[in-house]
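Asks:
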Amino acid sequence: MMLIMNAFAIIGKRRGVGKTELGLKIVRYLKDRNIPVVVIKHAHKIDLDDKDSFKYFDVGADNVITVSSDFTLTISKPARSIEDFSRSIDSVVVIEGFKTSNLPKIIVARNLDDLNFRFNGYVIAAVVSEDLIDKAREIFPGSNVLSFNDLNALSRLFRDVTLKALISILPNIDCRICGYSTCLDFAKNIVDGVDDIYKCVKYHDDIIVKVNGLRLNLGKFPREILKNILIAYLKTLKGIPEKLNEIEVYIKNKQ
């Protein structure tokens with residue numbers, strides 16, 4: 097089954113099993129490739145001194161959100177501009193906990209009992225102790241099972257989940273503004289550290305069009321056509337300044 101969303105959850109039966117350890121590795125992998133990351137962490141209660149939340153922040157997460165049954169705490173880096181803040185929202189979302197959610201899961205286990213618990217969502221992978229690999233493969237047939245100590249396998253896992261998440265984030269209009277024939281080719285080069293996600297037209301702020309609150313991802317030619325039509329129309333009107341630095345149009349269709 098393909099990961100068709102930009103979020104996945106790292107879960108385990110108990111505290112101390114290694115969820116945060118694996119999550120930190122994934123966030124570091126993403127930030128080494130300049131990919132925006134939001135971390136969402138489950139907690140039984142909000143603790144302002146929660147060291148794990150700040151560990152995620154320290155390795156580069158753009159936002160760390162801790163969720164309890166009573167409150168939600170968000171830690172964010174200071175944005176240089178509203179555009180920077182908006183970019184961080186279109187992110188790969190690494191979630192720690194939330195076993196009952198329907199999100200894709202990465203299972204973490206250190207002993208046999210750690211493999212025996214209930215959860216929802218399909219399993220992308222199980223990251224386990226070396227002696228649990230065969231048993232985990234029996235329990236999760238068809239899923240990727242790997243050891244905490246297998247750095248090459250972990251790297252391949254990180255690449256796989258990151259690529260699938262990027263495919264969800266990118267507009268998939270194959271506009272070629274980034275210099276690649278397809279969004280998939282662009283995503284592969286981002287994951288491989290060859291290129292930067294912010295070359296995507298989705299993050300260009302010179303022309304923004306929203307319909308019913310949803311931003312449209314316009315390719316180069318639709319953007320230029322819309323821009324030229326608006327400028328040409330406005331220049332026919334009286335009182336329009338010679339230099340048009342910024343244009344805002346809001347249309348409410350009452351039909």
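Residues 97 to 351 (the working numbering) are what the sequence shown spells out, left to right. Where a beta carbon is used, it is the ideal one built from N, C-alpha and C, also for glycine. All of these numbers come straight from a predicted model, not from anything done at the bench.
To which residues of the same chain is Leu242 closer than 8 angstroms at the C-beta, ignoring the five residues directly before and after it?
Replies: Ala221, Ala222, Val223, Val224, Ile229, Ala249, Leu250, Leu253
Asks: Measure the beta-carbon distance from Arg124 to Gly156 and round it to whole angstroms, keeping in mind my assumption that it falls under 8 angstroms.
Replies: 7 angstroms
Asks: Quick check on Val123: does DSSP put it in helix, strand or coil?
Replies: Under the three-state reduction of DSSP output, Val123 falls in the helix class.
Asks: Which same chain residues end up closer than 6 angstroms to His300 when comparing Cβ atoms and leaving out the 5 residues on each side of it in sequence?
Replies: none
Asks: Would you decide whether Phe213 is buried or exposed? Buried here means 16 or more other CB atoms lie within 10 Å of its CB.
Replies: exposed
Asks: When burial is assigned at 16 or more other CB atoms within 10 Å of the CB, is Pro132 buried or exposed?
Replies: buried
Asks: Counting pairs of beta carbons, one from the region 287–296 and one from the region 317–334, are three or more of them closer than 8 angstroms?
Replies: No, the region 287–296 is not in contact with the region 317–334.
Asks: Identify whether Phe236 lies in helix, strand or coil by the three-state DSSP scheme.
Replies: Phe236 carries a coil assignment under DSSP once its states are collapsed to helix, strand and coil.
Asks: Apart from the five residues on each side of it in sequence, which residues of its chain come closer than 6 angstroms, Cβ to Cβ, to Asp291?
Replies: Around Asp291: Asn285.
Asks: From the DSSP output, in three-state form, read off Ser165 for me.
Replies: coil
Asks: Determine contact between the region 188–196 and the region 133–142, defined as no fewer than three beta-carbon pairs at a distance below 8 angstroms.
Replies: yes
Asks: Alpha carbon to alpha carbon, how far is Lys334 from Gly309?
Replies: 31 angstroms
Asks: Just to confirm the assignment, what range does the alpha helix (DSSP H) spanning Lys201 have?
Replies: Per DSSP, Lys201 belongs to no alpha helix (DSSP H); it is in the beta strand (DSSP E), 201–205.
Asks: What separation, rounded to the nearest whole angstrom, lies between the Cα atoms of Leu259 and Lys331?
Replies: 45 angstroms
Asks: Is Glu226 helix, strand or coil by DSSP?
Replies: helix
Asks: Can you give me the C-alpha to C-alpha distance between Gly315 and Leu262, rounded to a whole angstrom?
Replies: 18 angstroms
Asks: Please state if the CB of Thr196 and the CB of Lys151 are separated by a distance shorter than 8 angstroms.
Replies: no
Asks: Considering only residues of the same chain and omitting the five flanking positions on each side of Ser187, which have a CB-CB separation below 8 angstroms?
Replies: Once the five neighbours on either side are set aside, the close Cβ partners of Ser187 are Asn102, Ile131, Pro132, Val133, Val134, Asp158, Asn159, Ile265.
Asks: Going by DSSP in three states, Lys348 sits in which element: helix, strand or coil?
Replies: coil
Asks: Rounded to whole angstroms, how far is the Cβ of Ile106 from the Cβ of Ile202, which I believe are closer than 8 angstroms?
Replies: 5 angstroms
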